[in-house]
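Protein sequences appear in the order of chains G and Y.
If you count the first sequence from 1, position 6 lands on 83 in my numbering, and the numbers rise without skipping.
If you count the second sequence from 1, position 582 lands on 659 in my numbering, and the numbers rise without skipping.
Working notes, beginning with the structure itself.
Number of protein chains: 2
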Amino acid sequence: MYNQFPDAKILKIDLTKNEISIETLPGEVYRLYPGGSALGVYLALQDIEPGIDPLSSENVLVFSVSALTGLPISGISRMNVTAKSPLTGTIGDSQAGGFFPVYLKGNGYDAVVVKGKSEKPVYLYIDGDKVELKEAKNIWGKVTGEAEEIIRRELGEKNVEIAQIGPGGENLVKYACIINMCNRANGRNGMGAVMGSKNLKAVVVKKTKAQKAFNPEEFSKLSKSVVRLLKENPAIQGLGQHGTDGDLEGFSDEGFLPTKNWTTGYFPEGAAKITGETMSNTILKERDTCFGCAVRCKRVVEVPGMVDPLYGGPEYETCATFGSYCGVDSLEIVSLANQLCNMYGIDTISCGATISFAMECYEKGLLTKEDTDGLELKFGNNSIVPILVEKIAKREGIGNLLAEGSKKAAERLGQGSEEFSISVKGQELPAHMPQYKPTLGLIYSVNPFGADHQSSEHDTFLTLPKDSLPIQRLGKIGMYKTYDNPFEIDDDKVRYAFDTQCFYSILDTLCLCQFVWGPSWELCGPDEILDLCKYGIGWNTSIFELMRIGERRINMMRQFNAKAGFTKEDDKLPKRLHEPMPDGASKGIQLDEEKLEKAKELYYQFAGWDKETGNPTEATLRKLSLEWILS
Amino acid sequence: MYNQFPDAKILKIDLTKNEISIETLPGEVYRLYPGGSALGVYLALQDIEPGIDPLSSENVLVFSVSALTGLPISGISRMNVTAKSPLTGTIGDSQAGGFFPVYLKGNGYDAVVVKGKSEKPVYLYIDGDKVELKEAKNIWGKVTGEAEEIIRRELGEKNVEIAQIGPGGENLVKYACIINMCNRANGRNGMGAVMGSKNLKAVVVKKTKAQKAFNPEEFSKLSKSVVRLLKENPAIQGLGQHGTDGDLEGFSDEGFLPTKNWTTGYFPEGAAKITGETMSNTILKERDTCFGCAVRCKRVVEVPGMVDPLYGGPEYETCATFGSYCGVDSLEIVSLANQLCNMYGIDTISCGATISFAMECYEKGLLTKEDTDGLELKFGNNSIVPILVEKIAKREGIGNLLAEGSKKAAERLGQGSEEFSISVKGQELPAHMPQYKPTLGLIYSVNPFGADHQSSEHDTFLTLPKDSLPIQRLGKIGMYKTYDNPFEIDDDKVRYAFDTQCFYSILDTLCLCQFVWGPSWELCGPDEILDLCKYGIGWNTSIFELMRIGERRINMMRQFNAKAGFTKEDDKLPKRLHEPMPDGASKGIQLDEEKLEKAKELYYQFAGWDKETGNPTEATLRKLSLEWILS
């Protein structure tokens with residue numbers, strides 16, 4: 078009865094040839110890569126030669142949702158974008174929420190694969206079987222809000238969602254993103270630049286209905302119980318109340334808020350001014366939601382004459398990268414920078430982090446006013462931040478250098494500035510300090526697409542009581558030690574890092590939101606995901622099958638990188654992260670380099686990766702049914 | 078709510094010191110080794126120095142049930158016995174059914190650990206908190222049926238179950254077993270000899286009630302649905318109707334019934350006479366059951382004046398080893414040999430197989446009448462088989478040699494007879510031919526305690542249609558290719574062998590009967606096991622956690638062996654298995670040695686075992702939370 082797995086319908090667009098076709102991926106293959114990130118890298122591996130230039134027409138851009146997308150339940154409208162990353166040179170991978178993902182699926186498609194390069198700017202319009210490439214000359218060069226308006230007007234159709242690049246993507250900013258609803262971003266890895274390099278301005282989907290559940294009655298029960306759980310849950314209420322930025326001040330108090338380009342974790346003079354509660358009490362206009370979700374974690378802010386609610390509000394990462402990273406203590410400035418990023422389509426994390434890198438270079442004399450178009454790039458110089466965002470998006474003056482990301486900028490700048498690029502594989506670190514969460518240090522190192530904070534469970538969960546629900550939930554994937562504080566890294570934590578990485582890998586594959594379906598949140602977890610699969614699409618799976626899928630995705634990515642020339646030498650953290658914390662409550666705490674190296678060696682063994690190269694062994698690929706990669 | 082895991086109560090008996098004590102294993106440790114085989118080897122590793130002589134007082138004998146044992150549901154009354162094996166020198170491991178397991182648990186114990194050696198024969202009596210060592214001088218030397226009577230009479234108590242050794246165990250026959258109900262055997266690996274070496278004749282448990290379920294209402298639903306499934310299921314009905322011997326004739330027809338010491342797979346002259354259907358139509362008296370089980374697969378046979386129903390009836394393996402292995406075509410003879418084995422407490426598989434080995438030696442002139450006490454040890458000489466069983470149990474004449482098992486007998490005999498010992502690590506092969514089921518060839522090779530047919534799923538399941546329930550069920554642990562015939566071994570089958578081995582490892586750990594709870598039977602499977610754990614004891618587990626447990630057990634065993642000096646050189650099949658099948662429907666089919674070697678290499682990599690030694694790597698042990706073994 079529950080033995081179904083649907084076929085995937087793949088829309089293939091060849092921009093060079095101006096051809097549109099549809100392919101079916103049979104259910105028994107789709108089940109191995111059941112959507113999102115796993116499907117994306119699977120399709121990428123079919124069509125991309127890993128050694129190519131990411132901004133050439135040979136790159137392929139994959140938009141993918143999952144077999145579950147569009148079911149009427151919370152935390153289920155996410156879309157993955159995959160391509161070779163121009164920021165890192167690795168496989169690129171990025172998720173966003175909103176309504177677009179559900180509508181793409183509602184139109185019948187599990188993935189859109191875009192190859193080649195259009196001669197002129199175009200956008201793709203999808204209305205069920207009607208799929209068209211339309212001329213984009215009127216919207217090319219326009220910021221996202223304006224482009225949305227023009228597209229709706231030209232189509233004479235309000236009921237569409239639009240995933241698009243802004244001028245940042247058009248100008249090939251290496252960390253350009255893809256924006257939908259003007260405020261949801263497939264943010265990281267520069268997927269927007271790939272889209273720009275193809276002269277593809279937007280993908281537009283007609284509004285549709287939710288997917289019908291396989292067992293509507295049981296599914297409805299599940300859906301309602303999720304809403305009830307959400308409403309009863311203090312952690313989720315907190316998330317709803319103050320958004321992801323709710324913890325910012327607390328991180329600073331503990332000494333682990335990355336500040337002034339990671340030179341300290343302590344931002345006493347500014348943290349309270351840019352934390353989520355302050356946002357709630359000042360500029361917050363309303364809360365926003367993705368399709369069908371009861372959490373409503375998204376912020377909408379307004380600063381009359383300065384910040385337009387259309388462009389949403391800043392997440393924690395954005396408040397940190399444009400705030401504490403840069404020594405900026407103004408929510409208005411952070412919100413404006415956030416808005417500009419959403420207008421121009423660039424990643425707030427890499428953008429803020431690259432600006433903070435430039436500030437350190439300036440303060441240390443490696444950049445002067447001559448280089449900066451006269452701007453005084455000092456930490457805490459609030460007003461220059463929005464100006465720099467504009468310059469980056471337009472590649473003007475100093476912006477042209479910073480549009481390359483901190484790593485490439487440092488390579489050009491030299492003079493030891495490489496140490497100020499707080500990045501792994503060229504991707505700037507998000508605002509979670511591995512000194513505080515050492516398993517993140519491990520995952521930042523080994524993650525196939527550079528530093529990422531949403532690819533595993535954080536150490537702090539292991540400081541909860543043994544009988545707490547998150548720890549019990551984690552028991553589904555492993556029994557782990559608990560710790561008095563999170564600072565230690567030992568063998569058991571390596572296992573935790575690897576196991577939870579595999580689990581997060583499922584979430585990004587099934588396109589489930591981590592806030593609702595994460596393994597250790599006190600809300601939904603492994604049990605509910607099984608019910609979701611079973612009642613949602615008739616797929617009676619197991620955590621074992623899901624964990625294999627998660628591991629399969631990571632190995633496909635890693636194998637892509639191996640073919641592109643990456644090895645374990647690229648799995649390195651910036652030196653700064655191994656220095657003792659200088660002040661605040663975290664003073665003296667240190668992420669020991671040698672211990673991390675040992676942890677990494679053990680991780681490779683757990684993962685079945687060659688200890689010399691750090692790449693998957695043949696046996697590991699065979700174990701994961703990936704023998705086709707070898708041929 | 079479902080976050081429970083009970084503590085284990087361990088009864089510890091020191092026979093040397095005549096001391097009895099009780100230890101508690103906390104739930105969070107028990108959960109890693111939640112009973113049966115995993116708990117047994119865990120406890121063995123605490124107390125046994127792997128290099129010891131298995132028949133010395135330094136060996137430790139562990140009887141273990143599981144956290145689930147005694148719940149009122151089918152297929153749940155199994156007990157594991159663990160010790161260093163005198164037959165193989167590896168860790169020893171053996172399961173039996175009956176009522177004893179449930180009663181042991183009902184008295185409050187998850188395991189009994191027996192150390193040392195008693196000065197005089199004793200037996201252990203368990204009645205809840207009342208635990209006593211009693212003098213066994215009146216029963217020492219007695220066959221099982223007689224000993225049962227005397228024990229009940231002496232105790233003045235009918236409501237007991239007795240697990241005991243017969244004269245075979247007392248005489249240290251290397252494949253002596255432990256018998257309960259006079260017809261259920263912890264058959265393999267010579268656990269009865271270890272018991273004999275300790276002067277422990279029996280363990281006697283008072284009859285008790287079933288365990289109360291954690292959620293009685295849901296559990297009762299599950300239990301009833303299992304009965305309904307059992308009654309509706311054709312495969313299980315067949316098993317109930319003709320017992321495990323139901324397929325014997327079919328195997329011969331296909332050319333894969335081990336015959337005449339594995340010189341052929343074809344037994345046209347005898348198969349029909351010893352197959353299950355013939356048993357049902359002739360000597361079958363009734364069907365028997367284990368505690369609470371609706372399958373009733375056990376046979377009870379009667380041959381007036383020759384075979385007593387008390388000693389049950391022969392299983393398929395017994396009909397093959399005493400039948401086709403020896404060229405014997407009489408169910409009466411097979412049943413008598415079975416009865417003698419159950420009276421004397423020796424393993425029917427190793428016994429029959431060792432006799433067939435001797436027959437081949439005789440036919441080829443390596444043994445003569447001088448060696449055989451005048452017996453004509455020819456294949457098909459029905460009447461000598463029961464005589465040989467007697468001689469083996471009593472170690473009389475030729476029996477003293479054969480009591481060592483075929484491998485050690487061949488070592489003593491020399492003259493190339495080693496090739497006629499169809500064994501791995503000294504344990505004789507059960508009656509499933511790896512030429513027909515090549516993954517069994519792999520598992521026979523690598524299994525830590527020698528050739529075993531109940532340690533993984535057989536290849537034949539992979540010849541079922543893709544949408545059949547067994548294949549769908551297997552999807553919970555892996556998506557495998559299906560095959561037109563079972564003879565091939567490729568990478569995908571190695572994965573199947575390893576994965577299903579881990580799953581069977583769970584079954585032997587949770588002490589679940591494979592006929593009811595096996596992964597691919599069309600009855601209960603992974604889903605129902607999860608419900609069993611959840612509603613039975615409040616343990617909300619996952620297939621992932623269970624598979625890790627299964628893998629953990631295999632690695633503990635393998636590590637025990639490593640410490641005892643075993644390496645991959647011991648993972649070898651007898652040469653004969655690689656020769657082409659000589660006749661019958663299987664003529665020409667061959668288990669390619671080179672392919673099997675390659676499969677084994679891949680298996681080691683899947684298992685995370687060192688390719689030079691075949692033993693677990695440190696990383697693998699750490700991944701499985703077994704770092705304590707390293708210290």
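Glycine included, C-beta positions come from ideal geometry on N, C-alpha and C.
Contact with chain Y is absent for Ser302 of chain G, since none of that chain's Cβ atoms lies less than 8 Å from the residue's Cβ. Residue burial is scored here from C-beta neighbours: Met624 of chain Y has at least 16 other C-beta atoms within 10 angstroms and is therefore classed as buried.
Close partners of Pro603 of chain Y in chain G (Cβ separation under 9 Å): Ser619 and Phe621. DSSP, reduced to helix, strand and coil, places Gly112 of chain Y within a strand of the structure shown.
Counting only Cβ-Cβ distances below 8 Å, Lys553 of chain G has contacts in chain Y at Asn617, Thr618, Ser619, Phe621 and Glu622, in chain order. Here Ile239 of chain Y carries a strand assignment [DSSP, helix/strand/coil]. Among the residues of the stretch 93-107 of chain Y, those with a Cβ less than 9 Å away from any Cβ of chain G are Glu105, in the order of the chain.
Taking 8 Å as the cut-off, the beta carbon of Ala528 of chain G is found closer than this to the beta carbon of Leu506 of chain G. Per DSSP, Gly169 of chain Y lies in no alpha helix (DSSP H) segment; the continuous beta strand (DSSP E) that holds it begins and ends at Ile168 to Ala173. Between Lys502 of chain G and Thr167 of chain G, the C-beta gap is smaller than 8 Å, which places the two residues in contact. Within the same chain, and ignoring the five residues on either side of Met634 of chain Y in sequence, the residues whose Cβ sits closer than 6 Å to its Cβ are Val118, Ile168 and Pro525. For Asn292 of chain Y, no CB of chain G lies under 8 Å from its own CB, so it is not counted at the interface with that chain.
Between the alpha carbons of Pro163 of chain G and Gly323 of chain G lies a distance of about 32 Å. A Cβ of chain Y is located within less than 8 Å of the beta carbon of Lys700 of chain G.
Shown here, Glu105 of chain Y sits in a helix according to DSSP, grouped into three states. Distance from the CA atom of Glu135 of chain G to the CA atom of Ile129 of chain G, rounded to whole angstroms, is 7 Å.
Interface annotation for the stretch 562-581 of chain G against chain Y: Asp568 and Arg572, criterion Cβ-Cβ distance under 7 Å. Proximity of Glu704 of chain Y to chain G, defined by a Cβ-Cβ separation below 8 Å, is satisfied. Exclusion of the five residues before and after Lys672 of chain G leaves Ile566 as the residues of its chain whose Cβ lies within less than 7 Å of its Cβ.
In this structure the stretch 609-619 of chain Y lies against the stretch 141-159 of chain Y, because at least three pairs of beta carbons, one per stretch, are closer than 8 Å. A direct Cα-to-Cα measurement between Glu363 of chain G and Val378 of chain G gives close to 7 Å. Along the stretch 643-691 of chain G, the alpha helix (DSSP H) occurs as fully enclosed runs of 4 or more residues at 670-684, listed in sequence order. Around Ser98 of chain G, the same chain offers Lys89 as residues with beta carbons nearer than 6 Å, after the five sequence neighbours per side are excluded.
In its chain, beyond the 5 residues on either side, Trp339, Glu496 and Ile499 have a beta carbon closer than 7 Å to the beta carbon of Arg653 of chain G. Taking all protein chains shown into account, Gly246 of chain G has 16 or more neighbouring C-beta atoms within 10 Å of its C-beta and is therefore buried. Contact of Asp544 of chain Y with chain G by beta-carbon distance below 9 Å involves Asn80.
At least one C-beta of chain Y is nearer than 8 Å to the C-beta of Met556 of chain G.
Per DSSP, the unbroken alpha helix (DSSP H) holding Asn419 of chain G starts and ends at Leu408 to Tyr421.
Between the stretch 390-408 of chain Y and the stretch 333-351 of chain Y there are three or more C-beta pairs closer than 8 Å, enough to call the two in contact. For Phe683 of chain Y, a Cβ of chain G is located within less than 8 Å of the residue's own Cβ.
In terms of Cβ geometry, Leu299 of chain G and Ala188 of chain G do not form a close pair [threshold 8 Å]. At the C-beta level, Lys645 of chain Y and Gly685 of chain Y stay beyond 8 Å of one another. In the displayed model, Phe368 of chain Y falls within coil according to three-state DSSP, outside both helix and strand. The C-beta of Ala144 of chain G comes no closer than 8 Å to any C-beta of chain Y. When 8 Å is used as the limit between beta carbons, Ala639 of chain Y is near no residue of chain G, the shortest such separation being about 17 Å.
In the structure shown, Glu135 of chain Y falls within a coil segment according to DSSP collapsed to helix, strand and coil.
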